[in-house]
Structures are given as C-alpha cells and as structure tokens.
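Written below as structure tokens is the structure these notes are about.
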Amino acid sequence: MSGTVSKALKNLNCEGNTYSEMARLAGVSPSTMCRYALGSREVSDDIIVNLANNGGFDELKLAYLSEKKLDIINVPIMNNIDDNIQTMIFRIISKEIVEAVEAFKNISRLTMNKKTLNNQEMDLLYDYVEQVVDLIPGIKTFLIRLKRVYGLDLQKVDNKECKKFKQRGYVIFEQIEKDALQSTLK
Numbered sequence: 309m310s311g312t313v314s315k316a317l318k319n320l321n322c323e324g325n326t327y328s329e330m331a332r333l334a335g336v337s338p339s340t341m342c343r344y345a346l347g348s349r350e351v352s353d354d355i356i357v358n359l360a361n362n363g364g365f366d367e368l369k370l371a372y373l374s375e376k377k378l379d380i381i382n383v384p385i386m387n388n389i390d391d392n393i394q395t396m397i398f399r400i401i402s403k404e405i406v407e408a409v410e411a412f413k414n415i416s417r418l419t420m421n422k423k424t425l426n427n428q429e430m431d432l433l434y435d436y437v438e439q440v441v442d443l444i445p446g447i448k449t450f451l452i453r454l455k456r457v458y459g460l461d462l463q464k465v466d467n468k469e470c471k472k473f474k475q476r477g478y479v480i481f482e483q484i485e486k487d488a489l490q491s492t493l494k
C-alpha cells in the first residue's frame with residue numbers, strides 16, 4: 309500500500325526530518341517508520357496523531373484523511389508549489405477566492421426557490437461547486453505553512469472558530485466543544 313501518507317512521510321524526510329526522529333515522535337522504531345514511508349506497512353491512526361501533535365506534521369493529517377476518504381471532500385495535498393507564503397496568497401488563494409465568490413453567487417441564483425434541479429442545472433451546480441472546492445487544498449496548505457513558518461497554533465484557531473460558531477448558533481453539538489477542550493488539555 310503506497311499511498312498519500314507514505315508520500316507525505318517521504319516528503320517530510322526530504323525536508324530534513326529523519327526517519328529516526330519521526331519514529332521517536334511517533335513511538336515506533338526507525339525501521340517501522342521506514343516501512344510506513346515505503347508503503348509496505350499501513351500507518352495506524354495513533355501514529356498519525358502522534359506525529360501531527362508531537363512533530364507538527366499536519367500534512368500527515370491531511371494525507372490520512374484523503375487516503376482513507378474520511379473528509380467531506382477528499383482533495384489532494386498541495387506539495388508542488390512555492391513555499392513562499394506571499395506567493396501562495398497571491399498566485400493560488402487570491403485567484404481561487406475570486407472564482408469561489410462568483411461560484412457562490414451563481415449557486416445562490418441557481419438554487420433560489422427550487423427544490424430540484426434539471427440535468428443542465430445539475431451540471432452547472434457541479435461546475436460551481438468545483439470552483440468552491442478548489443479553495444480547500446490551498447487554504448489547508450496555507451494554514452500548515454503559517455504554522456511551520458510563524459508558529460501559528462492551529463488548535464487555538466480551531467477552538468476560537470468552534471466558540472464563534474457556537475455563539476452565532478451555527479454549532480449545536482456539545483461534543484465539538486468537549487473535543488476542543490480535551491485537545492487543549494493534552
């Protein structure tokens with residue numbers, strides 16, 4: 309099984325993170341970590357969590373979610389782009405945001421006062437949604453880069469967002485609050 313997670317581990321190694329150091333953070337032997345990177349052994353959930361939490365390797369979370377098809381939209385990791393944050397903002401995200409805003413407007417117009425869509429409308433809907441989804445990998449990669457370069461605490465951002473959405477009445481599940489609190493206590 310050579311997948312997205314093993315490729316992410318190889319990329320981390322190419323960036324200067326040794327398999328021995330990653331193994332120590334994950335609580336496994338260096339040879340096991342090499343097997344994970346080669347794709348000859350499947351990486352368990354707890355190893356991904358340990359590496360992400362202890363080593364700050366959030367791209368492993370993205371790779372794992374994508375590989376296991378656990379996210380609502382399983383988009384690829386953007387790893388073939390300029391590491392410069394300003395380049396990411398201006399070349400990728402700013403272009404995609406303009407398209408996404410227009411797509412949201414088009415989706416609103418298309419679906420206004422309708423319970424169903426005909427085939428032609430569905431084709432348009434897919435096109436518009438695709439433009440919105442184009443933002444997801446760029447934003448996730450952007451956040452990871454901000455964490456790596458500037459030390460942005462993504463858990464703090466996540467906790468603030470959960471609190472804000474709850475205050476606005478968008479979040480009604482108490483479990484989200486409990487999970488955020490438990491993560492903070494770890």
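Numbering-wise (the working numbering), the sequence shown opens with residue 309 and increments by one.
No residue lacks a Cβ here, since even glycine has one placed at the ideal position from N, Cα and C.
- Message: Measuring CB atoms only, is the region 410-427 touching the region 336-356, in the sense that at least three cross pairs come out at less than 8 angstroms?
- Response: no
Skipping 5 residues on each side, what residues in its chain have a beta carbon closer than 7 angstroms to that of E404? Within the sequence shown, numbered from 1, the residue matching residue 404 stands at position 96. D442, L443 and G446, listed in sequence order.
Inset, instruction - Compute the beta-carbon to beta-carbon distance between M313 and A371, rounded to the nearest angstrom, for a pair I have assumed lies under 8 angstroms. - result: Working through the sequence shown from its first residue, we reach residue 313 at position 5. Working through the sequence shown from its first residue, we reach residue 371 at position 63. Correcting the residue type first, residue 313 is Val in the shown sequence and not Met. Between A371 and V313 the Cβ distance is about 5 angstroms, and since that is below 8 angstroms, they are a contact.
What are the start and end residues of the alpha helix (DSSP H) that includes F365? The count along the sequence shown starts at 1 and reaches residue 365 at position 57. Going by DSSP, F365 is part of no alpha helix (DSSP H) at all; its letter is neither H nor E.
Worksheet entry | Distance between D461 and G363 (C-alpha atoms, nearest Å) | As a first step, residue 363 must be located in the sequence shown, where it is residue number 55. As a first step, residue 461 must be located in the sequence shown, where it is residue number 153. Taking the straight line from one Cα to the other gives about 13 angstroms.
* What is the rounded straight-line gap between the Cα of M309 and the Cα of N319? -> Here residue 309 refers to the residue found at position 1 of the sequence shown. Here residue 319 refers to the residue found at position 11 of the sequence shown. Only weak support exists for where M309 lies, its pLDDT of 42 falling under 50; the coordinates are left without a value.
Q. Going by C-alpha distance, which of I400, L433, R399 and T395 is nearest K413?
A. Stepping through the sequence shown from its first residue, residue 413 is reached at position 105. It is L433.
| field | Rounded straight-line distance, which links the Cα of I355 to that of D466 | value | The residue labelled residue 466 in the question sits at position 158 within the sequence shown. The residue labelled residue 355 in the question sits at position 47 within the sequence shown. Approximately 21 angstroms, taken between the alpha carbons.
key: Same chain, Cβ closer than 8 angstroms to I397, five either side skipped, listed in chain order   = Mapped onto the sequence shown, residue 397 falls at position 89. F450.
Do you know offhand how far K377's Cα is from I452's?
Looking up residue 377 in the sequence shown gives position 69. Looking up residue 452 in the sequence shown gives position 144. Computed Cα separation, rounded: 20 angstroms.
For this session: Only counting runs of 4 or more residues, tell me where the alpha helix (DSSP H) segments fall wholly within the region 441-477, in order along the chain.
Result: 443-458 and 462-475
**Study point:** Proximity to L333 [Cα-Cα], best of S348, L317, G347 and L346
**Key:** By 1-based counting over the sequence shown, the position of residue 333 is 25. Relative to the Cα of L333, the nearest Cα in the group S348, L317, G347 and L346 belongs to L317.
- Item | Identity of the residue in K315, V440, A360 and G324 nearest R349 by Cα | Locating residue 349 in the sequence shown gives position 41, where the first residue counts as 1. Of K315, V440, A360 and G324, the residue nearest in Cα terms is K315.
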